[in-house]
Amino acid sequence: MSVIDKPRLDHAHMLSLLESMIRIRRFEDKCAELYTQQKIRGFLHLYDGEEAIASGVIPVLTPDDRIVATYREHGHALVRGVPMTAVMAEMYGKAEGCSGGRGGSMHLFDSATNFYGGNAIVGGGLPLAGGLALADRMQGTDSVSACFFGEGAVAEGEFHETLNLCKLWSLPVLFVCENNGYAMGSALARTEAETDIHKKAAVYGMHAEVVDGMDVVAVEAAARRGIQRIRETGGPVFLECRTYRFRAHSMFDAQLYRDKDEVEQWRGKGPIVRFKGWLLENGLVDEADVAAIETRADAEIAEAVAFAEAGTWEPVEDLEKHVLGEQPPPPAPAKPSGETEEISYREAVKRAIREAIERDDRVFLMGEDVGAYGGCYAVTKGLMAELGEDRIRDTPLSESGFTGAGIGAAAAGMRPIVELMTVNFSLLALDQILNTAATMRHMSGNAFGVPLVIRMATGAGKQLAAQHSHSLEGWYAHIPGLKVLAPATIEDARGMLWTALEDPDPVLIFENVMLYNQTGTIDINAGAVPITGAAVRRPGTDISLITYGGSLYKVMEAADQLAGEGIEAEVVDLRALRPLDDETIMASVARTRRALIVDEGWRTGSLAAEVSARIMEQGFWNLDAPVGRVCSAEVPIPYPKHLEDAAIPHVESIVAGARAVMGR
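Heads up: the sequence shown is residues 1 to 664, going by full-length UniProt numbering.
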C-alpha cells in the first residue's frame, strides 16, 4: 500500500472523520423533524446510515474536482463545503438557499465548490459526470469527476452507456455506487440478475472494487487508491460501497418491504457506532471529544434553522427568472460582398460546423457515425480527417449517454454540438434533454448553464416508413429552458448554427431531411444569423401562410399558384419555434386578416395549434375568417410513396386550405 492509500489516522484526522459523519446525521435528524412540521416539503431522502461514504470520499478530492450526486445528497453537499445555512435554506425553498430556493431537497447545487447538484432521475447524473470529465480531458486539466449513485441506477441504460463511453474515451470519473440493498423498495436480488455490482463495471474493462461502506477508514483508503489511479492513468475507476440506509427511501415510505429487526441489526453496525466505538475502545478519543463534536453540530444546525426561518421567499414577480440565461444581443448582419456562390443546405451546415470548430477551441461535434462514416446524411463527411478525432467524435449508439455527456461538457465550459441521427432517436435522449439540459439553470438558481447545440434530422418524404419519418419539433417547442430552431434556407442553416453556439442555453436545431439536397446562393461574406424572429419570405395582402422548415418551399410554390388565382399570399417562415415571434405573426395577420398554418406535425396538439391559439388570443379582432391548418394526417407515416405524399402537407393541400380560408 502506497502512502497515498493510507488515511492519515492522526488524532485530528480521526476526529474530522467522526465529526463529518455526526454532523450529517444530526443535520438530517433535524430535517426529518422539520419535515413532520411541514417546514420542509416534497420528497425528503435521508442519508442516515450511509455517512461513511461521503465522509470518506469527498475530502480526498481537490477543490478543482467536480461532484455529481443523487437526490439523497445532503451529506455530499455538507462534506463538500456547501454552507449548512445555504443547504437548510434550500430545503425550506428560501431565496437564500444554495439553489436560490428553486431546487429543494433533491437539487442542491453550488458552483463555488464544483458541486453539480443532486438529480431526481435515477441514473440521470451518470452521463453528466462523463461529460464533465470529457471537458476536463479536452481542456487538459487533471481534475476528477466523482459521481455518486445508488444501486438502483445500475439497471438504467444510462449506467451502461456512461460506463462504456468513459472507458472507451478514458475519462477521469470516480464512480461511487452507494449500494444500500433496496433501491426504492425492492431488494437487489429481486431486480438484478447479477448482484455483485462491481462486476458490471469490470466487464467494461475498468478497475472496480468492493468497499465496506460502513467503514469510513476503508472508504477513504479506497477513494485514495481510486483517485490516484485515475490521476496516473486518466481512466475511470468504480467503487461499490456496500452500505445500508436506516430510514425509509423517503419520508413518504412506510417501509413495508423489510423487517424492523433487520434495520436494527444494521444500526448496530452503523458507520458512526462502529467508528466511534473503535475510537473510544482504543482510547483514541474520549467522551468529551464526542460531546464537543455534538455540541458544535447542534449549534451549527440551530444557526442553519434560524437562517432558513429568517430567509425570504422569492417574489412571484421573479417566477420566470433563470429559465434562460442572460440573452446576448443579436449578431450584427454581415456586410454583403456582392459576390455569391451556390451551395447545398448540406454543405451550409458542414461549413458552419467546420468554421465553428476552427474559430473556437471549445467547440466539438459528437454523435453516431459523424466521423469515419461522415454522418447518416453525409453532412460531416471528411470533417474527421480535417479536424481530428478529438473534435469530431464518433460515439456509441447510446443517445442518452452521449447527449448527457454533451450536457456535462457544456456545463463545464465547452460548446458541444451533439448530433442525434434522426428525430425519432432523440426520444432515447429525451430524459437528458428535458430533465437536465432544460432544467439545470433553473434548478441551480443560475449557478450552471448548458450552452450546447443538439442537431437532428426531421421530417418525412424519403419513404422511410413510420419509425423514421417523424416531425416532433413541436414537442420540443413545448419545453421551457430550450430554444428550438427549424432553419429552412441555406443562409439560416449556416448562420443560425454560428449564433446558437454563442447562446448560453441549450439550442435544438431540426434539419428537414428533404432540404439537405436543396441548393441556393449565399453571399461569400455571410455570417451569423439571429436565432429569434420569424421572416416574411413573400409579402402579400390576402392571407398569411405561416410555416417553417421543410414546408417552406411547398408553401412558396402554393403561394405562386394562388397568385395565379388572384390571391396574394404572404409567407411567414417561423424559423424559431421556441421562442415564437408573436410580433411578426400578428403583424402579418393584421395586414392580411386571414391565416393558414402549415405544419408537418400531426394535427392534434401540433405547433400549428399553438400558433392558431396565439392568433385567436392576440389577433382575433383582425380576423375576417377562422384560422386554418394544414398538418400531417393522424396516421403513422406510411411507406408507399403515394400514401406518404398524401399523409404530409403538399402543395395541393396547402392551396386547398388557403382557398377554404378565403371562402372559395
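Heads up, the beta-carbon is just placed ideally off N, CA and C, and yes, glycines get one too.
Classification of residue i by the beta-carbon crowding that lies within 10 angstroms, buried from 16 upward
i, result
"Leu163", "buried"
"Met616", "exposed"
"Ala332", "exposed"
"Val285", "buried"
"Asn446", "buried"
"Leu508", "buried"
"Pro63", "exposed"
"Tyr639", "exposed"
"Ala183", "buried"
"Ile524", "exposed"
"Pro336", "exposed"
"Ser186", "exposed"
"Thr395", "buried"
"Phe27", "buried"
"His642", "exposed"
"Arg664", "exposed"
"Leu256", "exposed"
"Thr541", "exposed"
"Glu565", "exposed"
"Ile4", "Residue placement at Ile4 is flagged as unreliable, the pLDDT there being 49, under the threshold of 50; the coordinate-derived value follows with that caveat. Label assigned to Ile4: exposed."
"Pro573", "Sequence check: residue 573 is Asp here, not Pro. Its Cβ being crowded by 16 or more others within 10 Å, Asp573 is buried."
Residue i versus residue j: straight-line alpha-carbon distance, rounded
i, j, result
"His322", "Lys483", "14 Å"
"Pro487", "Glu502", "17 Å"
"Arg274", "Ile53", "14 Å"
"Ser2", "Asp10", "A caution first: Ser2 carries a pLDDT of 42, below 50, which makes its placement in the model too unreliable to give a value."
"Tyr35", "Tyr377", "54 Å"
"Thr519", "Ala576", "21 Å"
"Thr635", "Asn435", "Checking the sequence, you will find Val at residue 635 rather than Thr. Using only the alpha carbons, I get a separation of about 29 Å."
"Tyr116", "Glu264", "34 Å"
"Asp645", "Asp560", "20 Å"
"Gly152", "His207", "21 Å"
"Leu319", "Lys260", "44 Å"
"Phe43", "Phe148", "19 Å"
"Ser170", "Asp215", "29 Å"
"Gly601", "Ser551", "11 Å"
"Gly93", "Gln37", "15 Å"
"Pro451", "Arg603", "32 Å"
"His442", "Asn180", "31 Å"
"Lys350", "Gln139", "24 Å"
"Ile227", "Val217", "15 Å"
"Ala409", "Ala385", "23 Å"
"Asp298", "Glu33", "14 Å"
"Ile301", "Glu294", "10 Å"
7 Å Cβ shell around residue i - same chain, five flanking residues per side excluded
i, result
"Val555", "Leu545, Thr547, Val571, Val598, Ile654"
"Ser400", "Pro127, Gly157, Glu158, Glu161, Leu428, Ala429, Asp431, Gln432"
"Ser444", "Ser99, Gly103, Phe109, Gly117"
"Ala405", "Pro127, Gly130, Gly131, Leu134, Leu165"
"Arg80", "Ile58, Ile67, Thr113, Phe115"
"Glu358", "none"
"Asn424", "Gln467, His468, His470"
Other residues of its chain near residue i: CB distance less than 6 Å, five sequence neighbours each side excluded
i, result
"Ala95", "Gly101, Thr312, Glu314"
"Ala222", "Val211, Leu239"
"Val627", "Ala595, Ser612, Ile615"
"Asp65", "Ser143, Val144"
"Val630", "Val598, Pro649, Ser653, Ile654, Gly657"
"Gly374", "Thr380, Lys381"
"Arg72", "His45, Tyr47"
"Ala304", "Met84, Thr85, Met88"
"Ala590", "Asn622"
Integer-rounded CB distance, given that residue j should sit under 8 Å from residue i
i, j, result
"Ala534", "Asp581", "4 Å"
"Lys200", "Glu194", "6 Å"
"Ala352", "Trp498", "6 Å"
"Val536", "Ser588", "7 Å"
"Leu420", "Arg391", "Going by Cβ atoms, the distance from Leu420 to Arg391 rounds to 18 Å, so no, they are not a contact pair."
"residue 667", "Ala438", "Absent from the structure is residue 667, since the part of the chain shown begins at 1 and ends at 664."
"Phe246", "Trp266", "7 Å"
"Gly459", "Met496", "Contact flag wrong, Cβ pair sits at about 17 Å."
"Ser20", "Ser55", "4 Å"
"Gly150", "Thr233", "Wrong, their Cβ atoms sit about 26 Å apart, outside the cutoff."
Bounding residues of the beta strand (DSSP E) (the contiguous stretch that carries residue i)
i, result
"Ser398", "Premise fails: Ser398 is in no beta strand (DSSP E) and is neither H nor E."
"Lys483", "483-485"
"Phe425", "No beta strand (DSSP E) holds Phe425; DSSP gives it neither H nor E."
Endpoints, the alpha helix (DSSP H) within which residue i is located
i, result
"Phe275", "271-281"
"His76", "74-80"
"Ser612", "607-619"
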